[in-house]
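Below you'll find the structure, written out as structure tokens, and then a few comments.
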Ligand SMILES: Cc1cc2nc3c(=O)[nH]c(=O)nc-3n(C[C@H](O)[C@H](O)[C@H](O)COP(=O)(O)O)c2cc1C
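Numbering (full-length UniProt numbering), first residue to last: 1 to 364.
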């Protein structure tokens with residue numbers, strides 16, 4: 001992948017633009033914002049401007065008109081990083097989330113920015129999910145990241161204790177005023193330029209959930225992920241493990257789209273109609289994860305999840321016991337016909353090409 005960056009921005013023009021056509025003024029402001037952001041994430045200067053067509057709310061509206069559901073790969077801490085996102089895009093996933101990024105760290109620490117968020121020009125439509133508990137951090141986060149994403153999702157569902165203790169994730173479900181204020185403040189500055197989503201959990205008390213949803217709707221949120229009867233688009237999340245599940249969920253909930261998480265982790269080809277992970281996805285994942293980079297343990301975990309439904313337990317244990325990338329690759333090569341990019345049929349296989357089988361066939 002070409003990540004070289006020859007963009008020498010020397011934008012010292014911070015003057016306020018007055019008495020010119022408001023459209024030009026807005027365009028200039030937007031350019032200034034983009035330049036500022038290049039200072040926050042200089043490693044991403046090579047990223048091209050966002051395309052309005054990729055804005056999640058526009059995709060949802062377009063699909064509504066065509067009377068078809070939107071398929072979404074939801075946020076997964078650690079796992080929904082660039083190589084996996086690229087993989088599910090190859091299999092008819094319409095919108096993909098990043099893992100939750102903690103705004104507090106991201107806005108204060110350059111190293112957190114470099115390690116928490118990588119992307120490329122194919123990584124769209126992309127929603128970045130943010131874990132946040134105050135307006136200031138959110139505004140700063142949005143300012144830094146918005147040129148590199150198509151939407152921003154506020155995590156109001158994560159039940160992890162450490163996050164909840166800090167007022168992040170599920171804790172926000174009992175603070176509709178704060179969530180609504182966060183959305184309102186972002187919308188006040190950016191308006192339609194930024195698509196905002198909230199992913200929520202349903203309260204034990206359903207009326208509280210309805211109150212929450214109405215409040216964020218009034219604050220200007222573009223869509224939510226859960227199932228409620230509201231006037232903004234709604235994405236259903238939970239227990240989608242096949243394309244049939246996706247259509248059943250749409251039928252029963254009448255939602256605008258379906259988000260899969262555990263299902264798509266095991267089977268990135270889910271939305272393309274594969275019942276189990278197609279072998280080609282494993283070859284592609286090897287390619288993407290080694291080209292874009294991912295820590296060994298994450299590569300191993302992804303491959304283990306994808307192989308889970310394809311091979312027996314004993315073999316899976318063997319995969320999980322490998323200790324480095326070379327060992328893992330040798331393990332695959334010794335057992336299966338793992339094609340590399342450029343080889344005929346790369347990324348296209350469906351069934352597991354077991355080497356013994358091939359050898360036996362050759363003897364016939
Ligand atoms: C490994 C893993 C990581 C997750 N990380 C996040 C996250 O970062 N943010 C979030 O809102 N939900 C997260 N979730 C919850 C999922 O997004 C989703 O709401 C939940 O798994 C139910 O959907 P499913 O039945 O399709 O798996 C995570 C779930 C899993 C299994």
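Built from N, CA and C at the ideal position, the CB exists for glycine as well.
DSSP three-state assignment for residue i, whether helix, strand or coil
i: residue 53; result: helix
i: residue 120; result: coil
i: residue 199; result: strand
i: residue 346; result: coil
i: residue 87; result: helix
i: residue 41; result: coil
i: residue 272; result: helix
i: residue 19; result: Below a pLDDT of 50, predicted positions are generally treated as unreliable, and residue 19, at 40, falls in that range; the measurement from the model is reported next regardless. It is coil, neither helix nor strand.
i: residue 63; result: helix
i: residue 194; result: coil
i: residue 162; result: helix
i: residue 145; result: helix
i: residue 36; result: Low per-residue confidence applies at residue 36: pLDDT is 46, beneath 50, and the placement is therefore not dependable, though the value from the model is reported in the following sentence. The answer is helix: DSSP assigns residue 36 an H, G or I state.
i: residue 24; result: With a pLDDT of 48 at residue 24, under the threshold of 50, the modelled position of this residue cannot be trusted; read the value that follows with caution. In this structure, residue 24 counts as helix in the three-state DSSP scheme.
i: residue 9; result: Caution applies to residue 9, whose pLDDT of 35 falls short of 50 and renders its modelled position unreliable; the model cannot decide the point.
i: residue 318; result: helix
i: residue 114; result: helix
i: residue 311; result: coil
i: residue 267; result: coil
i: residue 109; result: coil
i: residue 167; result: coil
Residue span of the beta strand (DSSP E) that contains residue i, given as start and end
i: residue 217; result: Unbroken run through residue 217 is the alpha helix (DSSP H), 206-219; no beta strand (DSSP E).
i: residue 153; result: 151-156
i: residue 322; result: Residue 322 -> no beta strand (DSSP E), and no H or E assigned at all.
One or two residues paired with residue i in a DSSP bridge
i: residue 259; result: 72, 237
i: residue 97; result: 127
i: residue 354; result: 336
i: residue 225; result: 199, 235
i: residue 102; result: 131
Cβ-heavy atom distance, residue i to ligand 1, below 8 Å
i: residue 257; result: no
i: residue 366; result: For the chain, the structure presents residues 1 to 364; residue 366 sits outside this window and is missing.
i: residue 137; result: no
i: residue 74; result: yes
i: residue 79; result: yes
i: residue 99; result: yes
i: residue 129; result: yes
i: residue 157; result: yes
i: residue 435; result: Residue 435 is absent from the structure shown; the chain starts at 1 and stops at 364.
i: residue 265; result: yes
i: residue 237; result: yes
i: residue 199; result: yes
i: residue 169; result: yes
i: residue 240; result: yes
Residue interval of the alpha helix (DSSP H) (run including residue i)
i: residue 290; result: 279-292
i: residue 307; result: 296-307
i: residue 79; result: It is not in any alpha helix (DSSP H) - residue 79 carries neither H nor E in the DSSP assignment.
i: residue 182; result: 176-190
i: residue 245; result: 243-253
Residue i: CB within 8 Å of a non-hydrogen atom of ligand 2
i: residue 90; result: The model on display carries ligand 1 but not ligand 2.
Chain C within 9 Å of residue i, Cβ atoms only
i: residue 49; result: The chain inventory of the structure shown lacks chain C, comprising one protein chain alone.
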